[in-house]
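Worksheet for the structure shown next.
Residue numbers (our numbering), protein chains in the order written: chain H, -17 to 430; chain B, -17 to 430.
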């Protein structure tokens, strides 16, 4: 209950600058007076802060007020759509993706290319990623944007707060520090697990007052086709382009989630299966930062050997590769979940059986997680999300059978939803992480 | 960042009274001046609060200062060891236990009796419990203690913050509200899951500055024998007695836990198996309050049918009843884990095999939990804790095999410890919950 130690002058200044930016990010364009009353500072103090933020290119003034709340026309402040921006990248086992997001939360440039990440070590993959990011940064520069933060989503374990990938079994990476391998010119680096970033995207998308919710418009799947285009062959040509301003992230229409609070398990099914646990709006990171390894929850304890050294892990039944093999398809660049989805739609029995098995395995592993955590809902994201219509019925059935206790004996199993962000979740989460870091730290920390 | 709304006069007074009490509970006897500096109020303000707390019988003055920190003799304040106290009860499937704890955290009276809780419905069990609690309260009264709070630990699901047992499969209870069935004279009622309360006891025992740490002295197992004595027959005679002041809780010697932070999974193995998840020092309760149902995590998805409606739940392999049957013993009052432990010690092969199987099943379920949550440690409490020497090796082996990913690929599986509180955990947690409620709310809330 003691008073916190007084912050230094420069730290207090940083905090106040950040509060102004967050007020704009959370509540949209507003006047100095509105911002002042919102953050509890005098209007004079806010004006000084605003001047500094405008000089730094983080804020702009906008003509007569259009907020529509009060009616009196006046100058409103808005986050800049030029100047500092955040970069994001996603390292997948068979693809790379990158984007640039402005302070308002709009994706301005995005790019994607195929790679074969397996077995070749981090060198070639990170060289390709550097080229992709530099192309994205170049196009962002043409729009007046300067990358200052870079967040990279990886399919592996990352030490809490660090830049080292401790282990990414499906890439074959171990103790790989990304910091010396990516150019510092792309911005201050952060690295996180893709499932964690996907869950953060999901969490922030649930809150209409945070940046990035203008990503919810437009037809589903648009971005992968529009921004990508490299999916046809295995050649891995880089495709980078300005994002469609009407559909910056290419996510589906906004489907309101159940208002069950912000506690959920987010399953991110790529070639490996990861998950993230969000409790009361907070991402659970775990003691080492390794929480969420749903893919290695045992579902058949004496079952198939797994790359992790265990047996019968969920990943060996429901990972993309396992499902492809079960369906009689040889995994590899260009053969992906999309093929499974079209075969399911065409009624191919072998594929349908493979996907049902995956759904059952996912349901068994999630039953354990639900019994343990009693979350408000389960969100299925990543590539397997496209298999929803065939994956969810067996998944729901296992949950209904196995979580009666967690439901208090009532026949109300936890709701399972397909993420409306689809496979874009991790990249979006990474981009928003970069932008939030910019809003948190609008000035370089002073030496004092 | 806005200022919190100013509390009402009476609410501020309550908060300040509570802060004085918690300062004494957390840091032991101290002078008014020490308390004032600790909680950031003036000495005059603290003196007024102290006068009120002394009038209410919650605080006493102690002769010349014996704190030994400053040396200058003076009057020190201490929590009262007479007056308001907390009651606690534990409803097991084959036993009931109750105790009275004073404000200093010492158990002053405890009692125990056998019951057959299965199938007879809540009526007879709660009648027995009422008799036991009234006997404990009577002996507490003889020591000048007045019960004002009662916390009951139950082997089932309790709605968050409520007094209704939604479901206790091993008792056969459903939607049983305890409030109308226990006399109001025993104090304001709280009901919680036994695994949650065991985890809270574990959490608080880890902090040497919280009340109840004088429970750590004395030989293990003393209390069950000393305070109980009803274990011999199935007759269920009530045994109540003043606790040995040198060993109020009868717990084992203090074994320091690994300083891995306060994130752990606490497995409470009784006839059913429950667990509680503590993250950063906070008990995870889940959306409905039903988190921690480790007993219904599937370990063999097509295995034995479980009372919950699922199949192959952990409880069907590692619950007390399952282990007894596997060892060739018919479960029932008087035949318990103790018998298993003595047979293991005597080298009985069938029993050893049964316990090893339980350890393996526990290891499979916990592997999933560890992969999902990345906790600092696992604590095994409750009755199965007595089987530690035989249970832990197979459990550790499964964790080592199956959590390499959670350990970042390093050969350092999460440490598993036997709770030093043993089977007393839930009752201790309940008693401390009662006492903490008294410290939180030293005066009745005012109408304003």
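The beta carbon of each residue, even a glycine, is placed where N, CA and C say it ideally should be.
A quick note: this is a predicted structure, and the numbers were derived from the prediction, not measured.
Applying the criterion that 16 or more other CB atoms from any shown protein chain within 10 Å of the CB defines a buried residue, is residue 333 of chain H buried or exposed? So residue 333 of chain H counts as buried.
Under 8 angstroms Cβ-Cβ, which residues of chain B neighbour residue 279 of chain H? Correct list: 349, 350, 353 and 354.
Using the three-state DSSP reduction, which class does residue 307 of chain H fall into: helix, strand or coil? In this structure, residue 307 of chain H counts as helix in the three-state DSSP scheme.
Outcome for residue -7 of chain H when other beta-carbon atoms lying within 10 angstroms are tallied against a minimum of 16: Its Cβ having fewer than 16 others within 10 Å, residue -7 of chain H is exposed.
Pairwise C-alpha distance: residue 362 of chain H and residue 325 of chain B: Cα-Cα distance, rounded: 48 angstroms.
Which chain B residues are close to residue 346 of chain H, counting only those with a beta carbon under 7 angstroms from its beta carbon? Residues of chain B passing the Cβ test: 280 and 283.
Classify residue 422 of chain B as helix, strand or coil using the three-state DSSP reduction. Helix at residue 422 of chain B.
Residues in the region 351 to 384 of chain H having any Cβ partner in chain B nearer than 7 angstroms: So the list reads 351, 353, 354, 355, 356, 357, 358, 383 and 384, given in the order they occur along the chain.
Does the distance from the C-beta atom of residue 72 of chain H to that of residue 135 of chain H stay below 7 angstroms? Yes, the Cβ-Cβ distance between residue 72 of chain H and residue 135 of chain H is below 7 angstroms.
Measure the alpha-carbon distance for residue 397 of chain H versus residue 357 of chain H and round it to whole angstroms. When rounded, the separation of the alpha-carbon atoms in residue 397 of chain H and residue 357 of chain H is 10 angstroms.
Segment limits, beta strand (DSSP E) that includes residue 223 of chain B: Its beta strand (DSSP E) spans residues 221 to 224.
Beta-carbon proximity list for residue -4 of chain B, same chain, < 6 angstroms, skipping 5 on both sides: The residues are 425.
Got a sec, what are the start and stop residues for the alpha helix (DSSP H) residue 342 of chain H sits in? From DSSP, the alpha helix (DSSP H) with residue 342 of chain H extends over 331 to 355.
How about the region 341 to 351 of chain H and the region 372 to 381 of chain H: do they share at least three Cβ pairs that are nearer than 8 angstroms? Yes: at least three Cβ pairs fall under 8 angstroms.
Excluding five sequence neighbours on each side, which residues of the same chain lie with their C-beta closer than 7 angstroms to the C-beta of residue 179 of chain H? Excluding residues within five positions, the ones whose Cβ falls inside 7 angstroms are 135, 408, 411, 412 and 415.
Should residue 39 of chain H be listed as close to the ligand SAM, given that the test is whether its C-beta is under 6 angstroms from any heavy atom? Absent from the structure shown: the ligand SAM. Ligands present: none.
Neighbouring residues, chain B, relative to residue 261 of chain H (Cβ below 8 angstroms): The contacting residues are 261 and 266.
Given 8 angstroms as the limit, is there contact between the region 124 to 142 of chain H and the region 161 to 177 of chain H, that is, 3 or more CB pairs closer than that? The region 124 to 142 of chain H and the region 161 to 177 of chain H touch, with no fewer than 3 CB-CB distances between them shorter than 8 angstroms.
Look up residue 321 of chain B in the DSSP assignment and say whether it is helix, strand or coil. In the three-state reduction of the DSSP assignment, residue 321 of chain B falls in the helix class.
If I follow the unbroken beta strand (DSSP E) through residue 257 of chain H, where does it start and stop? Counting along the chain, residue 257 of chain H sits inside the beta strand (DSSP E) bounded by residues 255 to 261.
Out of curiosity, what's the CA-to-CA distance linking residue 320 of chain H and residue 88 of chain H? Distance between the alpha carbons of residue 320 of chain H and residue 88 of chain H: 27 angstroms.
Under 7 angstroms between C-beta atoms, does residue 19 of chain B make it to chain H? It does not; no Cβ of chain H falls within 7 angstroms.
Stretch pair the region 25 to 40 of chain H + the region 14 to 34 of chain B: three plus CB contacts closer than 8 angstroms: No, the region 25 to 40 of chain H does not touch the region 14 to 34 of chain B.
Would you grab the beta carbon distance between residue 64 of chain B and residue 81 of chain B for me? Rounded to a whole angstrom, and I think it's under 8 angstroms. Between residue 64 of chain B and residue 81 of chain B a beta carbon distance of about 17 angstroms is seen, past the 8 angstroms cut, so the two are scored as non-contacting.
Is there at least one Cβ from chain H nearer than 7 angstroms to residue 386 of chain B's Cβ? It does: the Cβ of residue 386 of chain B has a partner Cβ on chain H nearer than 7 angstroms.
Does DSSP classify residue 97 of chain H as helix, strand or coil? DSSP places residue 97 of chain H in the coil class of the three-state scheme, outside both helix and strand.
How about residue 222 of chain H and residue 116 of chain H: are their beta carbons less than 7 angstroms apart? No, they are not a contact pair.
At least one CB of chain H closer than 7 angstroms to the CB of residue 34 of chain B: is that the case? No, because no Cβ of chain H sits closer than 7 angstroms to the Cβ of residue 34 of chain B.
According to DSSP, simplified to helix, strand and coil, what is residue 8 of chain H? Correct three-state label for residue 8 of chain H: helix.
Cβ-Cβ separation, residue 153 of chain B to residue 100 of chain B (assumed contact under 8 angstroms), whole Å: About 7 angstroms separates the two Cβ atoms, so the contact holds.
7 angstroms Cβ cutoff met for residue 405 of chain H and residue 364 of chain H: Contact flag set, yes.
Close-in-space but distant-in-sequence residues of the same chain around residue 336 of chain H (CB under 6 angstroms, 5 per side omitted): Within the same chain, residue 336 of chain H has close Cβ partners 305, 308 and 309.
Mind checking who residue 248 of chain B pairs with in its DSSP beta bridge? Residue pairing of residue 248 of chain B in beta bridges, as defined by DSSP: B/258 and B/361.
When burial is assigned at 16 or more other CB atoms within 10 Å of the CB, is residue 9 of chain B buried or exposed? Burial call: exposed.
Report the three-state DSSP secondary structure of residue 82 of chain H (helix, strand or coil). It is a strand residue.
Would you mind reading off the limits of the beta strand (DSSP E) that contains residue 136 of chain H? Unbroken beta strand (DSSP E) run through residue 136 of chain H: 127 to 136.
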